[in-house]
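Below is one structure, written out as structure tokens, with a few remarks after it.
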Ligand SMILES: O=C(O)CCC(=O)C(=O)O
Ligand SMILES: [Fe+2]
């Protein structure tokens, strides 16, 4: 998207749906969806199509990065399974609220956040351009579980990006780009 890189390893929604009943169940937990409705003030619902409703993104080589993009669906709940302990090792979330222009204009405000394993964040991901900064040294890993949520009027994906990243014939390989 915007020509930005995807140097990462992915596990797509279809593989998780068949391989991990735990993740599918967690994704649909009524108490979790209730919390998201409270926080956002929107009638949050699960995404119907399986490709990007829940995915795992793994950065594990120096230079691995999830380049700038916006998501198809409005909300992303990102849960950190592994993260570099030191922000100097990269893997920072960088985001520009109310920005959909890509590549990101130089003048766009850019916020930067470091997270630890066990953290989570909720992002308005369709109107906030976002990316993950490259890992800077060998031996560090950043693994997230991304749960996408939507509202009842928005069940159709808007781009083919997710199919390329997360459908079985493309994903699951080292270095999906
Ligand atoms: O890894 C992150 O913090 C962001 C993940 C993301 O943007 C995505 O999966 O669409
Ligand atoms: Fe995203």
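Residue numbers (our numbering): -14 to 162.
Cβ atoms here follow ideal geometry from the backbone N, Cα and C, with glycine treated the same way.
Here the structure is a predicted model, which is why all the values come from computation and not from measurement.
- Secondary structure within the segment 38 to 95: not one fully enclosed alpha helix (DSSP H) run of 4 or more consecutive residues is present.
- Counting along the chain, residue 24 sits inside the alpha helix (DSSP H) bounded by residues 15 to 25.
- Residue 21 and residue 29 have their C-alpha atoms spaced approximately 7 Å apart.
- In this structure, residue 129 keeps its C-beta atom at 8 Å or more from the C-beta atom of residue 77.
- Around residue 52, the same chain offers -11, -10, -9 and 116 as residues with beta carbons nearer than 7 Å, after the five sequence neighbours per side are excluded.
- Distances between the C-beta of residue 142 and the heavy atoms of ligand 2 are all 7 Å or more.
- Distances taken from the Cβ of residue 100 to the heavy atoms of ligand 2 include none shorter than 7 Å.
- With contact defined as three or more Cβ pairs closer than 8 Å, the segment 10 to 21 and the segment 95 to 104 are not in contact.
- Shown here, residue 3 sits in a helix according to DSSP, grouped into three states.
- In this structure residue 81 touches residue 113 by the C-beta definition: roughly 7 Å separates them, less than 8 Å.
- The C-beta distance from residue 111 to residue 55 rounds to 6 Å, short enough to fall under 8 Å.
- For residue 61, the shortest C-beta to heavy atom distance toward ligand 2 is below 7 Å.
- DSSP, reduced to helix, strand and coil, places residue 102 outside both helices and strands of the structure shown, so it counts as coil.
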